Amino acid sequence: MNTKSKFAIEVAHLTVSYNARPALLDVSVNIEADQLVGVIGPNGAGKSTFIKAVLGFVKPDLGTVRIAGSNAQNAKGLVAYVPQRGAVDWDFPITVKEVALMGRYQKIPWYSSPGKKDWETAMEALKMVRMEEFSDRQIGELSGGQQQRVFMARALAQGSNILLLDEPFAGVDAATERAILEVLDRAKKSGKTLVVVHHDLSTAAEYFDKLLLIKQRLYAYGEPTAVLQEDLLSQVYEGRLRIFKDIVKKENT
Ligand SMILES: Nc1ncnc2c1ncn2[C@@H]1O[C@H](COP(=O)(O)OP(=O)(O)OP(=O)(O)O)[C@@H](O)[C@H]1O
Ligand SMILES: [Mg+2]
Numbered sequence: 358m359n360t361k362s363k364f365a366i367e368v369a370h371l372t373v374s375y376n377a378r379p380a381l382l383d384v385s386v387n388i389e390a391d392q393l394v395g396v397i398g399p400n401g402a403g404k405s406t407f408i409k410a411v412l413g414f415v416k417p418d419l420g421t422v423r424i425a426g427s428n429a430q431n432a433k434g435l436v437a438y439v440p441q442r443g444a445v446d447w448d449f450p451i452t453v454k455e456v457a458l459m460g461r462y463q464k465i466p467w468y469s470s471p472g473k474k475d476w477e478t479a480m481e482a483l484k485m486v487r488m489e490e491f492s493d494r495q496i497g498e499l500s501g502g503q504q505q506r507v508f509m510a511r512a513l514a515q516g517s518n519i520l521l522l523d524e525p526f527a528g529v530d531a532a533t534e535r536a537i538l539e540v541l542d543r544a545k546k547s548g549k550t551l552v553v554v555h556h557d558l559s560t561a562a563e564y565f566d567k568l569l570l571i572k573q574r575l576y577a578y579g580e581p582t583a584v585l586q587e588d589l590l591s592q593v594y595e596g597r598l599r600i601f602k603d604i605v606k607k608e609n610t
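Read left to right, the sequence shown gives residues 358 to 610 (our numbering).
Pasting the structure below:
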């Protein structure tokens, strides 16, 4: 049995390379349980790679990942994942409720097919993201924001305590962004830990309990006001600081 660790995710000296070029270098961070954490950094900073390394989808050159106090290898099923939108084939012929049901597959033995309980869990997850009335539609027929919510339902149906989401707010309108944020907040209140890649620094402090600032290396992890500091942001975002000066001002007033 697992005693619940204080930390949902413990990453130590994580180094990940593609074709001998490091995307992440010596990243160490401990993420507390029951937090809504935003991962920020410029394009190519290694945000998606960080998420994939925590999931065990990419193999590190060096370093370790522990999930809820256990080796990542023993943690399968403890972590659910919502991929970056571009990584999904939306023309695949599958209905909304079947996508949500996919969250149950790890829990269904190989000799069995999904039971009534699995379908119920899938439908409950669709309700949580307010997509139940679309359950019989093809996923390809939905808007980007609706597809994003269905993928969140798939992750919720898995029943994992840790959810990793790669840019859930990308390409959605303001109303959908609110709806997704509400789902994240509710998931947090129900005891889940969420790690969310996020692009918009102007909302980062409002949305998240903690921020993780990354560009190949870890630059900062902590309360948004501690992370959204001009010197840190100027190192990470270089020439684009002018925009962020306003954000820093806003955060500190
Ligand atoms: N499969 C891959 N093969 C080779 N290089 C890769 C691969 N995936 C990522 N990279 C490289 O690793 C670095 C980090 O990529 P990653 O996708 O983790 O960045 P990101 O912070 O998620 O960027 P974005 O904001 O654009 O999504 C980039 O230089 C990228 O080109
Ligand atoms: Mg990415």
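For every residue, glycine included, the Cβ atom is placed at its ideal position computed from N, Cα and C.
Note that the structure is predicted; figures quoted are calculated from it, not measured.
Backbone secondary structure at residue 335 - three-state DSSP:
Residue 335 is absent from the structure shown; the chain starts at 358 and stops at 610.
In terms of alpha-carbon separation, which member of 408, 390 and 387 lies closest to residue 397?
For the purposes of this step, residue 397 is taken as the residue at position 40 of the sequence shown. When only C-alpha atoms are compared, the closest one is 408.
DSSP three-state assignment for residue 461, whether helix, strand or coil:
Sequence index remark: in the sequence shown, residue 461 carries index 104 (1-based). In this structure, residue 461 counts as coil in the three-state DSSP scheme.
Taking buried to mean at least 16 other C-beta atoms within 10 Å of its own C-beta, is residue 358 buried or exposed?
As a first step, residue 358 must be located in the sequence shown, where it is residue number 1. In this prediction, residue 358 has a pLDDT of 44, which is less than 50 and means its spatial position is unreliable; what the coordinates show is noted afterwards. Label assigned to residue 358: exposed.
Proximal residues to residue 528 (C-beta, below 7 Å), its chain only, five neighbours per side dropped
Indexing the sequence shown from 1 puts residue 528 at position 171. Take residue 528, set aside five residues on each side of it, and the residues of its chain with a beta-carbon closer than 7 Å to its own are 442 and 501, in chain order.
Alpha carbons only, please: which of 468, 464 and 469 is nearest the one belonging to residue 479?
As a working mapping, residue 479 is identified with position 122 in the sequence shown. Closest option to residue 479, Cα to Cα, is 464.
Can you tell me which of the three DSSP states residue 468 falls into?
As a working mapping, residue 468 is identified with position 111 in the sequence shown. Residue 468: coil per DSSP, three-state reduction.
Taking the alpha carbon of residue 552 as the reference point, which residue from 447, 367, 394 and 377 has its own alpha carbon closest?
Stepping through the sequence shown from its first residue, residue 552 is reached at position 195. For the residues 447, 367, 394 and 377, the minimum Cα distance to residue 552 belongs to 394.
Proximity below 8 Å, CB of residue 437 to CB of residue 517
The residue you call residue 437 lines up with position 80 of the sequence shown. The residue you call residue 517 lines up with position 160 of the sequence shown. Contact: yes.
Is residue 441 a contact residue of ligand 2, with contact defined as CB to any heavy atom under 7 Å?
For this step, residue 441 is matched to residue 84 along the sequence shown. Yes.
For a test of the three-state rule: what should DSSP assign to residue 580, helix, strand or coil?
The residue labelled residue 580 in the question sits at position 223 within the sequence shown. Residue 580: coil per DSSP, three-state reduction.
Does the pairing of the stretch 560–575 with the stretch 383–392 give three or more beta-carbon distances under 8 Å?
In short, these stretches touch, since the Cβ pair count reaches three.
Count the other C-beta atoms from every protein chain shown that fall within 10 angstroms of the C-beta of residue 450, then say buried if there are 16 or more, exposed otherwise.
Indexing the sequence shown from 1 puts residue 450 at position 93. Taking all protein chains shown into account, residue 450 has fewer than 16 neighbouring C-beta atoms within 10 Å of its C-beta and is therefore exposed.
Going by the beta-carbon positions, is the gap between residue 525 and residue 439 smaller than 8 Å?
Residue mapping note: residue 525 aligns to position 168 of the sequence shown, counting from 1. Residue mapping note: residue 439 aligns to position 82 of the sequence shown, counting from 1. In this structure, residue 525 places its C-beta atom within 8 Å of the C-beta atom of residue 439.
Assign residue 430 to one of two classes, buried (16 or more other C-beta atoms within 10 Å of its C-beta) or exposed (fewer than that).
What you label residue 430 is simply residue 73 of the sequence shown in a count that begins at 1. Label assigned to residue 430: exposed.
Taking Cβ to Cβ, would you say residue 388 is nearer than 8 Å to residue 424?
The residue you call residue 388 lines up with position 31 of the sequence shown. The residue you call residue 424 lines up with position 67 of the sequence shown. No, the Cβ-Cβ distance between residue 388 and residue 424 is not below 8 Å.
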